[in-house]
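One structure is given here, and the rest of the page talks about it.
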Ligand SMILES: Cc1ncc(COP(=O)(O)O)c(C=O)c1O
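Numbering (this note's numbering), first residue to last: 17 to 420.
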């Protein structure tokens, strides 16, 4: 049996939209991107959604917006030490300095007790990450942000379908950035999207994704319909709005073919979420039997974990390494990924920031001991049973008992 990490379906509806776009040669960001944005906003319950090329771009743009709202280049953004490296990269690419805070080992999310001591006069935002779809402690994050006058930008890349105290992850801060990369629940193959309730943020986001130009329309009539734009030459004497650059921008629009895949992926959203949640919850329940050698994150009463993937963490007592387990699973056809690393101390690219090994013990622990595997919609009870059996066999091969 094989348990691949991810899957993708290009639905008949998407294929039809792709063919229409190819036939009309309307391929750059236009009508379909707008449709994808409106559907995504409706699904998450936000007023605005702005689609971009990748989840990393979504993180970057959501932060870069803050330059229009009082932030200065070189100001600080607080992020958890443990995340996919894109979170830390995005802070730097947006013109800020990442200030890392350790995570909790049992939730994998930023430890709210450690946030306040990382706040300085230059802090502008907190960017919690809902890692593996488990919502961060947003009440605590928002309380601290309010007290210190900070923005909250959720990195919701892995949080499709996550719910915190009855509200969708991605609606809990000032903005949220999702990835719609192929391994994620709503997918555009490559892609990302920023959601917010603030129309002024959305306008700046639309400008930022298109070089910082003064155009901020939801749909560009020039790109979408090849039509005349009556705003173009009204921006000032002798100017063309398309060549007025109001801010330092990026070039990261989503294209129509990607949006067509995303629209199809959203049509099947409820079914996909239900299947993935069923796989995830069944794995969480069955995994208990591997205590005290291995553990995973738990779903608590106040939340629904977004079924992105399944986390596997080696307990300190276990007499084997993470990679021994990883190789065993891979040989058995179960694809694994490391559960990321402590960005400041385990990713060499961040060494210039001067953090030292040992400063983020919890993130580093997960960085050394964590794996994750897929829970996607092509998997079902047979695959879950095979995964559990394989872990039990691994433990047995190490002379360890489990309640299998
Ligand atoms: C937490 C987190 N943030 C950001 C990203 C970046 O997304 P992308 O790969 O679409 O750039 C990812 C990617 O999966 C992620 O897991």
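Note that CB positions come from ideal geometry on N, CA and C, so glycine has one too. Only a predicted model underlies this, so the values are computations on that prediction, with no experimental measurement involved.
Residue j beta carbon less than 8 Å from that of residue i
i: residue 190; j: residue 225; result: no
i: residue 358; j: residue 325; result: no
i: residue 128; j: residue 160; result: yes
i: residue 142; j: residue 119; result: no
i: residue 341; j: residue 353; result: no
i: residue 323; j: residue 149; result: yes
i: residue 125; j: residue 152; result: yes
i: residue 312; j: residue 289; result: no
i: residue 303; j: residue 344; result: no
i: residue 241; j: residue 67; result: no
i: residue 76; j: residue 110; result: yes
i: residue 197; j: residue 386; result: no
i: residue 211; j: residue 348; result: no
i: residue 11; j: residue 188; result: For residue 11 there is no data in the structure shown, the boundaries of the chain being 17 and 420.
i: residue 338; j: residue 418; result: no
i: residue 235; j: residue 32; result: no
i: residue 144; j: residue 170; result: yes
Nearest neighbour of residue i, chosen from the options [CA to CA]
i: residue 376; options: 97, 346, 110 and 370; result: 97
i: residue 261; options: 243, 281 and 230; result: 230
i: residue 154; options: 137, 134, 182 and 338; result: 182
i: residue 295; options: 419, 395 and 187; result: 395
i: residue 267; options: 73, 417, 27 and 145; result: 73
i: residue 50; options: 291, 371, 278 and 334; result: 278
i: residue 203; options: 387, 280 and 415; result: 280
i: residue 265; options: 84, 397 and 62; result: 84
i: residue 200; options: 285, 271, 255 and 122; result: 285
i: residue 134; options: 113, 122 and 146; result: 113
i: residue 372; options: 28, 107, 116 and 407; result: 116
i: residue 263; options: 89, 30 and 26; result: 89
i: residue 399; options: 291, 415, 63 and 108; result: 291
i: residue 412; options: 25, 30 and 334; result: 334
i: residue 56; options: 192, 405 and 320; result: 192
i: residue 62; options: 158, 122, 186 and 405; result: 186
i: residue 138; options: 164, 255 and 407; result: 164
i: residue 172; options: 238, 414, 102 and 374; result: 102
i: residue 310; options: 408, 26 and 166; result: 408
Neighbourhood of residue i by C-beta, 6 Å cutoff - its chain only, sequence neighbours within 5 removed
i: residue 383; result: 357, 358 and 362
i: residue 402; result: 17
i: residue 100; result: 356
i: residue 34; result: 273 and 276
Same chain only: Cβ atoms within 7 Å of residue i, ignoring 5 sequence neighbours per side
i: residue 390; result: 19, 20, 21, 22, 325 and 351
i: residue 136; result: 92
i: residue 258; result: 229, 231 and 248
i: residue 441; result: With the chain running from 17 to 420 in the structure shown, residue 441 is simply not present.
i: residue 59; result: 282 and 285
i: residue 270; result: 45, 49, 67, 68, 69, 204 and 207
i: residue 12; result: There is no way to answer for residue 12, as the model of the chain reaches only from 17 to 420.
i: residue 393; result: 23, 288, 291 and 292
Sequence-distant residues of its chain with Cβ nearer than 8 Å to residue i (five each side left out)
i: residue 86; result: 140
i: residue 317; result: none
Check: residue i C-beta below 7 Å from any heavy atom of ligand 2
i: residue 177; result: No copy of ligand 2 occurs in the structure displayed; its ligands are ligand 1 alone.
- prompt: Does the count of Cβ pairs from the segment 29 to 45 and the segment 177 to 191 closer than 8 Å reach three?
  reply: no
query: With a cut-off of 8 Å, do at least 3 Cβ pairs link the segment 365 to 376 to the segment 289 to 303?
result: When Cβ pairs closer than 8 Å are counted between the two stretches, the segment 365 to 376 is seen not to touch the segment 289 to 303, the count staying below three.
query: Can we say the segment 75 to 83 touches the segment 217 to 224, given the rule of at least three CB pairs closer than 8 Å?
result: yes
- prompt: Taking the runs of the alpha helix (DSSP H) that are 4 residues or longer, which of them lie wholly in the segment 307 to 359?
  reply: 338 to 347
task: Take every Cβ of the segment 194 to 209, pair it with every Cβ of the segment 51 to 62, and state whether three or more of those distances are shorter than 8 Å.
output: yes
Every unbroken alpha helix (DSSP H) within the segment 244 to 312, with a cutoff of 4 residues, ordered by chain: Here the runs fully enclosed are 272 to 283 and 285 to 303.
- request: Note down, one range per segment and in chain order, each beta strand (DSSP E) of at least 3 residues found wholly within the segment 155 to 222.
  value: 167 to 171, 191 to 195 and 208 to 212
query: Counting only runs that start and end within the segment 40 to 73, where is the alpha helix (DSSP H) found for 4 or more residues in a row?
result: 47 to 60
- prompt: Going along the chain, which unbroken runs of the beta strand (DSSP E) with 3 or more residues stay wholly within the segment 106 to 143?
  reply: Listed in chain order, they are 113 to 117 and 139 to 142.
- request: List in chain order: all unbroken alpha helix (DSSP H) runs of 4+ residues lying wholly within the segment 362 to 387.
  value: 377 to 385
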